[in-house]
Structures are given as C-alpha cells and as structure tokens.
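Trainee:
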Amino acid sequence: MMRMVRRSNPSKNMQILMRAGSVVAALAAAALLMAALGYNPFLVYYNMVAGSFGTAYRLQATIHKVIPLLVLSLGIAVAFKMKFWNIGAEGQMAMGGFGAAYAALKYGALPPYILLPLMFVLGMICGGIWGVIPAILKVKLGTNETLVTLMLNYIALRWLTYLQYGPWKVGGFPRIPDFSPNAVLPSLFGIHIGWMVAVLLTAAVYVMLRRTKLGYEIAVLGESESTARYAGINVSKVTIVAMLISGAVCGLAGMMQTSAVEKTLTEQFTGGLGFTAVITTWLARLSPIGMIGTSFAFAMLIQGGGYLETTMSISSKMADVLQGVIIFFVLGCDFFIQYKIQLRKPVRKGGEAK
Amino acid sequence: MDAYVEMKEIRKSFGSVAANNDASLSVELGEIHALLGENGSGKSTLVNMLAGIYSPDSGSIFIGGRTVSFAAPKEAIDCGIGMVHQHFKLVDVFTAKENIAAGREKGFWLRGRRLSEKIQAIADKYGLAIDPDKKVYDMSVGEKQTVEIVKMLYRGANVLILDEPTAVLTPQETKVLFQILKNMKQHGCAIILITHKLREVMEISDRVTVLRKGETIGTVRTKDTTPRALTEMMVGRPLELKIERVRAEPAMEPILTVGRLSAADSHGRNVLKDISFVLRGGEILGVAGIAGSGQKELCEVLAGLYKANGGRVRFLGEEILGLSPREILRRGISMSFVPEDRLGMGLVAGMDITSNVLLRSFQKDGGFFLDLPGGRKKAERIVKRYDISTPSVDHVLKDLSGGNIQKVLLGREVELNPKLLITAYPVRGLDIGASYHIYDILNAQKKAGVAVLFIGEDLDVLLQLCDRLMVIHGGRIMGIVDPLTTSKEEVGLLMLGQSEKGGNAK
Numbered sequence: 001m002m003r004m005v006r007r008s009n010p011s012k013n014m015q016i017l018m019r020a021g022s023v024v025a026a027l028a029a030a031a032l033l034m035a036a037l038g039y040n041p042f043l044v045y046y047n048m049v050a051g052s053f054g055t056a057y058r059l060q061a062t063i064h065k066v067i068p069l070l071v072l073s074l075g076i077a078v079a080f081k082m083k084f085w086n087i088g089a090e091g092q093m094a095m096g097g098f099g100a101a102y103a104a105l106k107y108g109a110l111p112p113y114i115l116l117p118l119m120f121v122l123g124m125i126c127g128g129i130w131g132v133i134p135a136i137l138k139v140k141l142g143t144n145e146t147l148v149t150l151m152l153n154y155i156a157l158r159w160l161t162y163l164q165y166g167p168w169k170v171g172g173f174p175r176i177p178d179f180s181p182n183a184v185l186p187s188l189f190g191i192h193i194g195w196m197v198a199v200l201l202t203a204a205v206y207v208m209l210r211r212t213k214l215g216y217e218i219a220v221l222g223e224s225e226s227t228a229r230y231a232g233i234n235v236s237k238v239t240i241v242a243m244l245i246s247g248a249v250c251g252l253a254g255m256m257q258t259s260a261v262e263k264t265l266t267e268q269f270t271g272g273l274g275f276t277a278v279i280t281t282w283l284a285r286l287s288p289i290g291m292i293g294t295s296f297a298f299a300m301l302i303q304g305g306g307y308l309e310t311t312m313s314i315s316s317k318m319a320d321v322l323q324g325v326i327i328f329f330v331l332g333c334d335f336f337i338q339y340k341i342q343l344r345k346p347v348r349k350g351g352e353a354k
Numbered sequence: 001m002d003a004y005v006e007m008k009e010i011r012k013s014f015g016s017v018a019a020n021n022d023a024s025l026s027v028e029l030g031e032i033h034a035l036l037g038e039n040g041s042g043k044s045t046l047v048n049m050l051a052g053i054y055s056p057d058s059g060s061i062f063i064g065g066r067t068v069s070f071a072a073p074k075e076a077i078d079c080g081i082g083m084v085h086q087h088f089k090l091v092d093v094f095t096a097k098e099n100i101a102a103g104r105e106k107g108f109w110l111r112g113r114r115l116s117e118k119i120q121a122i123a124d125k126y127g128l129a130i131d132p133d134k135k136v137y138d139m140s141v142g143e144k145q146t147v148e149i150v151k152m153l154y155r156g157a158n159v160l161i162l163d164e165p166t167a168v169l170t171p172q173e174t175k176v177l178f179q180i181l182k183n184m185k186q187h188g189c190a191i192i193l194i195t196h197k198l199r200e201v202m203e204i205s206d207r208v209t210v211l212r213k214g215e216t217i218g219t220v221r222t223k224d225t226t227p228r229a230l231t232e233m234m235v236g237r238p239l240e241l242k243i244e245r246v247r248a249e250p251a252m253e254p255i256l257t258v259g260r261l262s263a264a265d266s267h268g269r270n271v272l273k274d275i276s277f278v279l280r281g282g283e284i285l286g287v288a289g290i291a292g293s294g295q296k297e298l299c300e301v302l303a304g305l306y307k308a309n310g311g312r313v314r315f316l317g318e319e320i321l322g323l324s325p326r327e328i329l330r331r332g333i334s335m336s337f338v339p340e341d342r343l344g345m346g347l348v349a350g351m352d353i354t355s356n357v358l359l360r361s362f363q364k365d366g367g368f369f370l371d372l373p374g375g376r377k378k379a380e381r382i383v384k385r386y387d388i389s390t391p392s393v394d395h396v397l398k399d400l401s402g403g404n405i406q407k408v409l410l411g412r413e414v415e416l417n418p419k420l421l422i423t424a425y426p427v428r429g430l431d432i433g434a435s436y437h438i439y440d441i442l443n444a445q446k447k448a449g450v451a452v453l454f455i456g457e458d459l460d461v462l463l464q465l466c467d468r469l470m471v472i473h474g475g476r477i478m479g480i481v482d483p484l485t486t487s488k489e490e491v492g493l494l495m496l497g498q499s500e501k502g503g504n505a506k
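As you go down the protein sequences, you meet chains A and B in turn. The first sequence: position 314 = 314 (our numbering), numbered continuously. The second sequence: position 479 = 479 (our numbering), numbered continuously.
(1) With a 10 Å radius around its C-beta and 16 neighbouring C-beta atoms as the bar for buried, classify Ser266(B) as buried or exposed.
(2) Taking the C-alpha atoms as reference points, what is the distance between Phe179(A) and Val132(A)?
(3) Return the residue from the list Ile292(A), Ala61(A), Leu163(A) and Gln338(A) that minimises the CA-CA distance to Leu201(A).
(4) Shorter than 9 Å from the beta carbon of Val357(B) to some beta carbon of chain A?
(5) If you draw a straight line from the C-alpha of Cys126(A) to the C-alpha of Leu323(B), how long is it?
(6) Given a limit of 8 Å on CB to CB distance, which residues of the segment 216-249 of chain A reach chain B?
(7) Could you give the distance in angstroms between the alpha-carbon of Tyr162(A) and the alpha-carbon of Lys169(A)?
(8) Do you know how far the Cα of Gly97(A) is from the Cα of Pro181(A)?
(9) Any idea if Ser205(B) is buried or exposed, counting beta-carbon neighbours within 10 angstroms, 16 or more meaning buried?
(10) Using 9 Å as the limit for Cβ to Cβ distance, is Leu19(A) near chain B?
(11) What are the residues of the segment 199-216 of chain A that lie near chain B, defined by any Cβ-Cβ distance shorter than 7 Å?
(12) Would you kindly report the start and end of the unbroken alpha helix (DSSP H) that includes Val415(B)?
(13) His33(B): buried (16+ other C-beta within 10 angstroms of its C-beta) or exposed?
(14) Going straight from the alpha carbon of Gly274(A) to that of Met312(A), what length do you get?
(15) On the premise that Leu285(B) lies in contact with Leu279(B), defined as a C-beta separation below 8 Å, what is that separation, rounded to the nearest angstrom?
(16) Could you check the C-alpha separation between Met495(B) and Ala424(B) for me, to the nearest Å?
(17) Cβ of Val348(B) less than 9 Å from any chain A Cβ?
(18) Taking the continuous beta strand (DSSP E) assigned at Val5(B), which residues delimit it?
(19) Just mark Pro167(A) as buried or exposed, buried being the case when its beta carbon has 16 or more other beta carbons within 10 Å.
(20) Using the Cα positions of Leu430(B) and Leu35(B), report the straight-line distance between them to the nearest angstrom.
(21) Phe98(A) lies in the alpha helix (DSSP H); which residues open and close that run?
(22) Would Val210(B) pass as a contact of Gly37(B) if the rule is Cβ separation under 9 Å?
(23) If we require 4 or more residues per run, which alpha helix (DSSP H) segments fall completely within the segment 346-410 of chain B?
(24) Can you give me the Cβ contacts of Ile130(B) inside the same chain, cut-off strictly under 7 Å, excluding the 5 residues immediately before and after it?
(25) In three-state DSSP terms, what is Tyr339(A)?
(26) Quick check on DSSP: helix, strand or coil for Ser205(B)?
(27) State the start and end residues of the unbroken beta strand (DSSP E) segment that holds Met335(B).
(28) Which full runs of the beta strand (DSSP E) of 3+ residues lie inside the segment 253-313 of chain B, going along the chain?
(29) Does Gly344(B) come within less than 9 Å of chain A when only Cβ atoms are used?
(30) By how many angstroms is the C-alpha of Val49(A) removed from the C-alpha of Trp195(A)?
(31) By alpha-carbon positions, which one of Gly64(B), Asp78(B), Leu484(B) and Gly456(B) ends up nearest to Val471(B)?
(32) By DSSP, does Leu50(B) sit in helix, in strand, or in coil?
(33) Let me check one thing: in DSSP terms, what residues is Val168(B) bridge-paired to?
(34) Check each candidate in Ile155(A), Gly51(A), Val78(A) and Leu70(A) and name the one with the smallest Cα separation from Gly247(A).
(35) What residue range is occupied by the uninterrupted beta strand (DSSP E) comprising Met478(B)?
(36) Got a sec: is the Cβ-Cβ distance from Ile328(B) to anything in chain A below 9 Å?
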C-alpha cells in the first residue's frame, strides 16, 4: 500500500534539485506528446532555442518579452508578498499603456525629456489607480481581491477596444495613430532602455521587500493579519499602499511596451503577458532575482513558439501546451517537496508475545 | 496476568528527529495505565502508532498476543483500540448520535431510534450521561468528551486512549470523567491516560509508564511510587516542584483600572459583562476560568484588539479603551502582551528570530529602512538571556520547539520594559523545566514593579503564583479571591458559575 508521508525538513539544495528535475521531466513529457503528434521533439526544442537566441534580431525580440514579464512580475510580487492575490496585472498594464498613450497623443510635440517622464508618471498613476480599486474595495467592503482584480482586467481591455474603435480612431481603420518619435523610448545596446529600468526596479523591489519598514509590514500582513494588527500595523493603509505600488509597477510595464515596442496603443498590446507574469512570479517564489530567470524562460517559450510556426508550421499553441506542462510539473513538484510517497514497509516481525 | 496491549522496541523518526527510540508499553485489561512524560517525550507519537495514525519504523505491536500492523485508524478500532484526541474530532452541526454513527453505519439510512437505544445502553453500562439528540455546538467541553468516549465504545473499543483529557476540564468535570474511567475499568476495559499532571496520575492510575526523550524509562505501580520519584524519572534529575511566591510591595497607585467593561461577539452575545478590577505594580493578578469564559476577549480588549461596548480602561489614569494597538504604541503606553495564539498573533511563524524581535519596536525607530543590525543585536541578547536553543537568530521561528518559540515571544515582550505585562497561557505546551523558567521570569517582573495579568489554566499553578486570583465565568467576574485562603475546590465552583454563597450567579 502507498501512503503519503510528510517530509520533515526539505533542504534548500534538495528543493532546487527537485525543481530543476521537474522542469526536465516536463520537457520530457512534452517531448512524448510532440513525438505522438509526429514531430521530432529534439528538432522542436532546437528550433525553439534557435528561434529565441539564434540571431541578434531574435535575441532582441526575446528580450523585448523579458522586460515586460520581469517588470510585471516585480509588481505582482509586491502584492503576493502580502498574500493579496492580484491577478489584475494585465488590466493594470493596459491602463498604464492608456495613460502613456494619452500623454503621447495629446502632447506629442513636447520634447522627449519632458514627454517621456510625463508618460512614465501618467502610466504609473493609471496602473496604480487600477491596483488601488480592489485594495479599497477589500479594505472597506471585504470583497475578494482575486475576483475583483480579474474582472477589472476585462474592463481595462474593453476600454482600450473602445478607444481604438471610437474616439481615438483615425481614418477608416480602427487604429490609433503611431506615437510621435518624441514619445518613443530610446535604445541602449540595441534594446530599448526599458531593460535598464527593469534592472533598477529589480534591485529596488528587492531592497523594498527585504530592508524597508514598508516591505516588512507587507510581509507581516501577508503572514497573518492578526499579527499585523497586534504589532500596530495600519492594515488598511499598508494594503492600499502596497497595491498602489503593485499597480503602478504593472502600469510602468504597459507604458514601456506601448512607447518602445508597439509605438502606439492597440487593444491587444498586453498580449496575455499580465497572466503569464503571475506564473513567472509564482515560479520564482516571489524572489526578484529568481524572476529574472523565470521571465527569460517564459519569454523564450513565447518567442520560440512563434518561430516554430514559421519554420516547422507547428501552431504556436504548442508553446502554450509546453507552458502548461511546465507549470503542471513545477507546481506538482511542490507537493513532492512537502511529501514523499512511501510504500508501506512491513513492520519488523517480532516473536509471539509471551 | 498477561499484557493485552504490548508495544516493544518501537522506533519512529520524523526526518532526522527521533520521536520514539526504543519505547515500550504494556497494558493489561482492567487497568488504568498512565503514560507520563514531558512535552516532546514521545507520548503522543507512541499512542498514535497504537491507534493506527502513524506506523512505526521498527518494533512490534501485539494485541491479545497477536502481532498487528495498522495502516489506518479504522484498522486499529477494528482491533478494539479507540483514541480520544485532545482536540475533539466532532462535527459541530451534527447531533451526538450522528457523530457517533458517522462513517460506521452500513446501508443508506440512519436508523435513528435503534441508534439512540444502542447509545443509551452503552451510556448506562458505563455511567455516562449523554443526550443522543443534542447538537455538538450546544455542548460543553465535558459533554463533547463524553460523545467522543461513547463513539469509541460504540465502535467496540475495549482499549481506550485518552490524550490529556483533563486539560480542558474543570475540577468537577474531571471528577466525573475519572468516575467514568473507573467504571470502564471495572467492565474490563484497558485505559491509557496521557497526562503530565502528576496529581491525576497518583489519583486514578494503577500503573505508570514514564517516557523521556522518546525512550521508556520504566513502568511502576502507582501505589509504590511518589510524585517526586515520578518527576525524577520524567526530567532525569531531581527538581524542586514549588513555585516561589516572591514578596514584593505592590504600589499604592494602580497601573490598570478596569471599570464595568463589557463586550459582545459578532452574534451580539455578551463575552464580557461588567468586568471591574484594579491591578497594581508589583503584583500578579491571576485569571482562572473554563476555556472560553472571556479570557481571550479580556486580554484583547485591553490590548486594543477587540471592540468593547462599554466601560473604561485606565492606564495610569489615562483612558485607553477604544484605542487601536497602533495608538497605544504611539502614546507610549508601556504595555506588553503575550497572546494565547503565539504563532497566529504574537509572532510571525515564517520569519526569522530577528524579524520577530523587531515586530513590536520597528515603528519607533525613525527612517524608511528596517533596523536589521539593531534587531539582530536585540535578538541575540534575548536568545542569550532566555536561554533559547537555536542555531542562530536567522533561524525561521516555526522550526524552533514550542518552548523556545514561547521564550522568544515572552523575551521580546519583557525586554520592552513594560509597566503592564499581560500574559495568556504562557506555559501552554511547555515542559516542566521551561514552565518554571517562565514563572521565574514573571516573578522577576513582579519584583521589578511590573503589574502582571496572568491568564492560566492549571489551578495549582495559579494558586501558587498569583497574589490575587480573579475567577471568571461566562464573561463575568465570579470573585477575586486570596490564593492563600482559598481551596482549589472553591475556585472550581466559581469557575462553574456558582457564587461564593453557593447560589448560581446566572
């Protein structure tokens, strides 16, 4: 008979090893699936890697995905640290893009050194507002933040659709005009300077969560609200401030994506990155450093998946399947870190009782 | 007589921790067998293996001469082994009989009447009082325990294991339970009683098995031993079992004045009603009562964590009722609070010791950043002063033992140098040595002029440690008595709501 036995104290090394093992297992399982579909899995994997890193252009495209994923993950991590399940990064990013686009379209003539900061500020404010709404609703009315943040995504995305098909449409096509060059983020080493913002932000969030009083308060609140109240922490204020930061950082990702990559606002510019970022955050166990790695991995999956479509005419949905398999295995791995399956050992036979 | 239950050379480890290492137990039918040991000595692990909850790594278990090996509690109960856990496993919204039948009845329908008759027959046989149709949420703790016992008997148990059954009972309820156990013994059942209360062992058991650090130290006949000898077996060294009552002159000016304090729960029921008392510096005021009589609410109202709906709380003349913990802190009210729920309220289980030490003081430090170096120093001082065993102050709190966790909490609160120290069940779950260490700390605080409010559960301790003892029942004060002139039975009656004059106060 099998039974589950709790592991007493899984060591750090073992945990890392098990996680790495689960990714390998996921790749192997996905390979079986590909083989069953008639593709050579090694070729698929090779093409995915080649598609993400093969040429300077592809590498650039991959990094263009890493940047928003990383920034969104950082924003989400602030909320998750508080066990505030913010799955509204998609909407906060969309609103950030909206704020930035508003400045870019309205004040396109301003010089970049004024316009870009203005776009940053407006993007963060709009994202921040989108983050604060569920926080206020939770604090005042006790609503469930998972539902509210999720629903706010759809409102934000439909708002962009409305703009694109309505007031911001120019000409016959439902299309928002391109930003003026003044509103486009400059590049450094061939990649828009958003990468520098992302690096600085990683350090900032790391320090904020581990060294500041606010980060400490967020962590205590995440562990136990009773403890937070006992310690004299202003629970409402911390909840709202943390979500303001979380939403603003996600809004920042939206600003950079519209300004540097799309160079306009479209209804699909978020492209599900806000949801993928929930996964990268979680898989990195909220560690800002870890998120650099998970963001790279998932950017590779997205980029490589797109490349498969052109080279091997495999649907890019294959990459989605692979994403799903990896998540399944890594999350499943958490169970095996906590428990082990034990075949029931027969109790050592003793002699008959006297 | 042959042993009916026999456990031999049992070993069981959880990871690298050996909970049982060469433990044995041998119990006969028709005896009450006490299993004695400090917390962490492996008592619960040992009986959990007998009850089929864990399986041993090695060793053998015999029931009635036959080797057995249980994979699940159900297999144990089929062999006649029933266990009553410390935390009852009952469904609140079910009646007694539904709980008793749950999971055992064959067929689709509950046969209500026949079930009631059967339950009544069992209850009559052993002298238990039970109402099969009463819902569990309407029951007192004692009644719930009775349901648990009947549940096991109904399932055919003739070996009954009770895990610290008296921890939640009043002295009067304990007497009833002991009478039931004696009846069962007369009917040929074997009873294994886990406890760390020596007085009970001496009173009811026929034999005692003492465990220490997972090993069986020995089994003795109760009538051939003394509490002192048992303690030595338990602790491994002679121990002076007397709490010192430190003499201190209480100050004239009260530190805390509570007047006509009332509070209600979310259903509008009174949890505190007209509570009035004063607490001076240099004294320990004990609070005794059945669990859930308002102790938790009283502490939390004083600390600003629970809303009162009337009355006043003055701290050195300043009204503090209605202030949040944050405002209390801001105003510099020098109050420390060791809450009952250590890991859920007093501490952060997932953080290291340093972060936990910072919890109550970080707001006072200026600036944007957390004072980690300062917190570290403070944590190291507390670890040293309170003899906390941990590899380092970076160790995550929940990995420490219960006693060490409590010392971190108490140490942090005492190091705040409070004028008022509120402690709720500070020794719950601690072993004897650690408990006495905590009493020493409280006495030292009293000597230093601190006003100490001590919520306790062991009446022996309350009567020995406190200068005055406030007994509450159903959120009301039944009396504030002098421990020197009051007997445990008198306190027990007050706890049950009988006023000093003998009438019922309700």
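C-beta: ideal position from N, C-alpha, C; glycine also.
Mentor: Well, looking at it:
(1) Position 266 of the second sequence, counted from the first residue, corresponds to residue 266(B). Answer is exposed; the Cβ neighbour count stays below 16.
(2) As a first step, residue 179(A) is located in the first sequence; it is residue number 179 there, counting from the start. As a first step, residue 132(A) is located in the first sequence; it is residue number 132 there, counting from the start. Cα to Cα, the separation comes out at about 28 Å.
(3) For this step, residue 201(A) is matched to residue 201 along the first sequence. The shortest Cα separation from Leu201(A) among Ile292(A), Ala61(A), Leu163(A) and Gln338(A) belongs to Ile292(A).
(4) As a working note, residue 357(B) is residue 357 in the second sequence. No, its Cβ sits nowhere closer than 9 Å to a Cβ of chain A.
(5) The residue given as residue 126(A) occupies position 126 in the first sequence. The residue given as residue 323(B) occupies position 323 in the second sequence. The straight-line gap from Cα to Cα measures roughly 36 Å.
(6) So the list reads Tyr216, Ala219, Val220, Glu223, Ser224, Ser226, Thr227, Arg229, Tyr230, Ala231, Gly232, Ile233 and Asn234, given in the order they occur along the chain.
(7) Reading the first sequence from its first residue, position 162 is the one you call residue 162(A). Reading the first sequence from its first residue, position 169 is the one you call residue 169(A). Rounded to whole angstroms, the gap between the alpha carbons of Tyr162(A) and Lys169(A) is 9 Å.
(8) For the purposes of this step, residue 181(A) is taken as residue 181 along the first sequence, with counting starting at 1. For the purposes of this step, residue 97(A) is taken as residue 97 along the first sequence, with counting starting at 1. Cα-Cα distance, rounded: 16 Å.
(9) In the second sequence, counting from the first residue as 1, residue 205(B) sits at position 205. Buried: at least 16 other Cβ atoms inside 10 Å.
(10) For the purposes of this step, residue 19(A) is taken as residue 19 along the first sequence, with counting starting at 1. In the sequence as presented, Leu is not what sits at residue 19(A); that position holds Arg. No - not a single Cβ of chain B is within 9 Å of the one on Arg19(A).
(11) Hits within the stretch, in order: Arg211, Thr212, Lys213 and Tyr216.
(12) One-based indexing of the second sequence puts residue 415(B) at position 415. Note that residue 415(B) is Glu in the sequence shown, not Val. First-last of the alpha helix (DSSP H) with Glu415(B): Gly402 to Glu415.
(13) Stepping through the second sequence from its first residue, residue 33(B) is reached at position 33. Result: buried.
(14) Taking the first sequence and counting its residues from 1, the one referred to as residue 274(A) is at position 274. Taking the first sequence and counting its residues from 1, the one referred to as residue 312(A) is at position 312. The straight-line gap from Cα to Cα measures roughly 28 Å.
(15) Along the second sequence, read from residue 1 onward, the residue named residue 279(B) stands at position 279. Along the second sequence, read from residue 1 onward, the residue named residue 285(B) stands at position 285. Yes, they are in contact, since the Cβ atoms of Leu279(B) and Leu285(B) sit about 5 Å apart, within 8 Å.
(16) Taking the second sequence and counting its residues from 1, one reaches residue 495(B) at position 495. Taking the second sequence and counting its residues from 1, one reaches residue 424(B) at position 424. Taking the straight line from one Cα to the other gives about 17 Å.
(17) The residue labelled residue 348(B) in the question sits at position 348 within the second sequence. By this cut-off, Val348(B) is an interface position.
(18) Indexing the second sequence from 1 puts residue 5(B) at position 5. Per DSSP, the continuous beta strand (DSSP E) segment holding Val5(B) begins and ends at Val5 to Phe14.
(19) In the first sequence, counting from the first residue as 1, residue 167(A) sits at position 167. With fewer than 16 Cβ atoms within 10 Å of its Cβ, Pro167(A) is classed as exposed.
(20) On the second sequence, residue 430(B) is found 430 positions in, with the first residue counted as 1. On the second sequence, residue 35(B) is found 35 positions in, with the first residue counted as 1. C-alpha separation (whole angstroms): 17 Å.
(21) Here residue 98(A) corresponds to residue number 98 of the first sequence, with the count starting at 1. Where Phe98(A) is concerned, the enclosing alpha helix (DSSP H) stretches over Ala89 to Lys106.
(22) Position 210 of the second sequence holds residue 210(B). Position 37 of the second sequence holds residue 37(B). Closer than 9 Å, so yes.
(23) The DSSP assignment places 353-358 and 372-385 as complete runs of the alpha helix (DSSP H) inside the segment 346-410 of chain B, in order along the chain (cut-off: 4 residues).
(24) Sequence index remark: in the second sequence, residue 130(B) carries index 130 (1-based). Around Ile130(B): Ala96, Ile119, Ala123, Thr146, Val147 and Val150.
(25) To locate residue 339(A), count along the first sequence from 1; it is residue 339. In the structure shown, Tyr339(A) sits in a strand (DSSP, three-state: E or B).
(26) Reading the second sequence from its first residue, position 205 is the one you call residue 205(B). Of the three classes helix, strand and coil, the one that applies to Ser205(B) here is coil, per DSSP.
(27) The residue labelled residue 335(B) in the question sits at position 335 within the second sequence. Element bounds for Met335(B): Met335 to Val338.
(28) Qualifying beta strand (DSSP E) stretches, in chain order: 254-264, 270-280 and 284-288.
(29) As a first step, residue 344(B) must be located in the second sequence, where it is residue number 344. Taking CB atoms only, Gly344(B) has a neighbour in chain A less than 9 Å away.
(30) The residue given as residue 195(A) occupies position 195 in the first sequence. The residue given as residue 49(A) occupies position 49 in the first sequence. As the crow flies, the alpha-carbon of Trp195(A) is around 21 Å from that of Val49(A).
(31) If you number the second sequence from 1, residue 471(B) lands on position 471. For Val471(B), the closest alpha carbon among the candidates Gly64(B), Asp78(B), Leu484(B) and Gly456(B) is that of Gly456(B).
(32) Residue 50(B) sits at position 50 when you count from the first residue of the second sequence. The DSSP-derived three-state label of Leu50(B) is helix.
(33) For the purposes of this step, residue 168(B) is taken as the residue at position 168 of the second sequence. BP columns for Val168(B) are empty, so no partner.
(34) Your numbering for residue 247(A) matches position 247 in the first sequence. Nearest C-alpha to Gly247(A): Val78(A).
(35) If you number the second sequence from 1, residue 478(B) lands on position 478. Counting along the chain, the beta strand (DSSP E) containing Met478(B) begins and ends at Arg476 to Val481.
(36) If you number the second sequence from 1, residue 328(B) lands on position 328. Yes, Ile328(B) counts as interfacial toward chain A.
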